[in-house]
Amino acid sequence: MKQRVVIAIALACHTKLLIADEPTTALDVTIQAQVLELIKKYREKYETAMLMITHDLGIVAEVCDRVAVMYAGSIVECGTLEDVFNCTLHPYTEGLFSSLPNINQRAARLTPIPGAMPDPTRLPKGCSFAPRCAYATEACVQAEQSDYMVSDTHMVRCSRYQEPNFRIKRRVAP
Ligand code: SF4
Numbered sequence: 066m067k068q069r070v071v072i073a074i075a076l077a078c079h080t081k082l083l084i085a086d087e088p089t090t091a092l093d094v095t096i097q098a099q100v101l102e103l104i105k106k107y108r109e110k111y112e113t114a115m116l117m118i119t120h121d122l123g124i125v126a127e128v129c130d131r132v133a134v135m136y137a138g139s140i141v142e143c144g145t146l147e148d149v150f151n152c153t154l155h156p157y158t159e160g161l162f163s164s165l166p167n168i169n170q171r172a173a174r175l176t177p178i179p180g181a182m183p184d185p186t187r188l189p190k191g192c193s194f195a196p197r198c199a200y201a202t203e204a205c206v207q208a209e210q211s212d213y214m215v216s217d218t219h220m221v222r223c224s225r226y227q228e229p230n231f232r233i234k235r236r237v238a239p
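Note that our numbering has the sequence shown beginning at 66, numbered continuously upward.
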């Protein structure tokens, strides 16, 4: 109830930008759906911009137009919802999707991302994701990573996209 009151206070301000940081965490699925519906209606009615911060890809799919995927404090992939969900580029984003159960696929086990997040005060040299990345090469460990625009709307921070034939394994959208 406290969480709902705080959401109501935020919406009552009729702000131009609503920053929603995990707004539905710990709510049950029914209340979560009600809150998301309320936020969507509010956004349309008052033409409010919204920055949604969440670890829940289902919420992203439901309410977001543009998506930025962050790893170890940096944006590693950014694009429209369709870009990121249907044409996934970064190995970390691929790992996030692979960790989810897929209603269309029967699998004995999910595929988690191996390892753990690095200590933000002691990030690894080169690509921060390299110690956990199935596509890592020696160059990934050595080189600072840059952003690559693969289309007008879709950015990825992964140096392997300099290689003309580099592709991650295609995942099936959940
Ligand atoms: S730069 Fe290398 S280690 Fe980093 S995400 Fe790309 S392939 Fe993986």
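Each residue gets a CB set at the ideal place from its N, CA and C atoms; glycine is no exception.
Opposing strand residues paired with Ile-84 [DSSP bridges]: As a first step, residue 84 is located in the sequence shown; it is residue number 19 there, counting from the start. Beta-bridge pairing links Ile-84 to Leu-116.
Pair within 7 angstroms by beta-carbon distance, Ser-193 and Ala-208: Position 128 of the sequence shown, counted from the start, is the residue given in the question as residue 193. Position 143 of the sequence shown, counted from the start, is the residue given in the question as residue 208. Going by C-beta atoms, Ser-193 is not nearer than 7 angstroms to Ala-208.
Cβ-heavy atom distance, Phe-194 to ligand 1, below 6 angstroms: Position 129 of the sequence shown holds residue 194. Yes.
Straight-line gap, Met-115 to Leu-92 (C-alpha atoms, nearest Å): Counting from 1 along the sequence shown, the entry for residue 115 is found at position 50. Counting from 1 along the sequence shown, the entry for residue 92 is found at position 27. Those two C-alpha atoms are separated by around 20 angstroms.
Of the residues Thr-95, Ile-74, Glu-102, His-155, the one placed nearest Val-215, counting alpha carbons only: For the purposes of this step, residue 215 is taken as residue 150 along the sequence shown, with counting starting at 1. If we check each option's Cα against that of Val-215, His-155 comes out closest.
Chain-order list of residues whose beta-carbon lies under 6 angstroms from that of Pro-239 (same chain, five-residue window excluded): Taking the sequence shown and counting its residues from 1, the one referred to as residue 239 is at position 174. Confidence at Pro-239 is low in this model, with a pLDDT of 48, below 50, so the placement of that residue is unreliable and no value is reported for it.
Lys-190 to Asp-184 span [Cα, whole Å]: Taking the sequence shown and counting its residues from 1, one reaches residue 190 at position 125. Taking the sequence shown and counting its residues from 1, one reaches residue 184 at position 119. Their backbone Cα atoms lie some 12 angstroms apart in a straight line.
For Tyr-213, the first and last residue of its enclosing beta strand (DSSP E): On the sequence shown, position 148 is the one that residue 213 refers to. Its beta strand (DSSP E) spans residues 212-214.
Expected contact under 8 angstroms - CB spacing of Ala-195 and Val-206 to nearest Å: Residue mapping note: residue 195 aligns to position 130 of the sequence shown, counting from 1. Residue mapping note: residue 206 aligns to position 141 of the sequence shown, counting from 1. Right, the Cβ-Cβ distance comes to about 5 angstroms (below 8 angstroms), so this counts as a contact.
Pro-177: CB within 6 angstroms of a non-hydrogen atom of ligand 1: Taking the sequence shown and counting its residues from 1, one reaches residue 177 at position 112. Result no, Cβ not under 6 angstroms from ligand 1.
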